[in-house]
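Asks: My structure is below; once you've seen it, I'll send some questions.
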DNA sequence: GATCTGACTATCT
DNA sequence: AAGATAGCCAGAT
């Protein structure tokens, strides 16, 4: 198979489980992955997504702990990410911040 | 195989 | 309040 690596697989597997209209934080993903691979931090998660640039994965549902969207150099631009989330029913408290209280998977 | 890098987060200054 | 530092890991070179 062409699996990049175990980490990629873990990250994508988790992200794919994020329900539509929900979001997860990098820290949350990292925490979940920590169950499989010890000591994983948010850097790993975001960085893997960056390297992979997977349009096939709902990486737009992953935000930082403040609910802020990824930086502009991800996706087609932060505004594109915001548009995708809004289409899925995610509400925003700011142009760049999702409403974590309503859409964060869990805490 | 050593060094650099990274879309994070918490803590300190 | 905003910038700097530390902690942590694995992929890329």
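Residue numbers (the working numbering): 5 to 111. Ideal Cβ placement from N, Cα and C applies to all residues, glycine included.
Output the boundary residues of the beta strand (DSSP E) element that contains residue 98.
Replies: Your numbering for residue 98 matches position 94 in the first chain. First-last of the beta strand (DSSP E) with residue 98: 96 to 98.
Asks: What number of angstroms, rounded off, separates the C-alpha of residue 49 from the C-alpha of residue 84?
Replies: Here residue 49 refers to the residue found at position 45 of the first chain. Here residue 84 refers to the residue found at position 80 of the first chain. Their backbone Cα atoms lie some 20 Å apart in a straight line.
Asks: To the nearest angstrom, how far is the alpha carbon of residue 64 from that of residue 55?
Replies: Position 60 of the first chain, counted from the start, is the residue given in the question as residue 64. Position 51 of the first chain, counted from the start, is the residue given in the question as residue 55. C-alpha separation (whole angstroms): 15 Å.
Asks: So for residue 28, helix, strand or coil by DSSP?
Replies: For the purposes of this step, residue 28 is taken as residue 24 along the first chain, with counting starting at 1. Strand.
Asks: Excluding the five sequence neighbours on either side, which residues of its own chain have a C-beta within less than 7 Å of the C-beta of residue 45, listed in chain order?
Replies: For the purposes of this step, residue 45 is taken as the residue at position 41 of the first chain. So the list reads 34, once near-sequence residues are dropped.
Asks: On the DSSP bridge assignment, give the partners of residue 61 in chain order.
Replies: On the first chain, residue 61 is found 57 positions in, with the first residue counted as 1. Its beta-bridge partners do not exist; DSSP assigns none.
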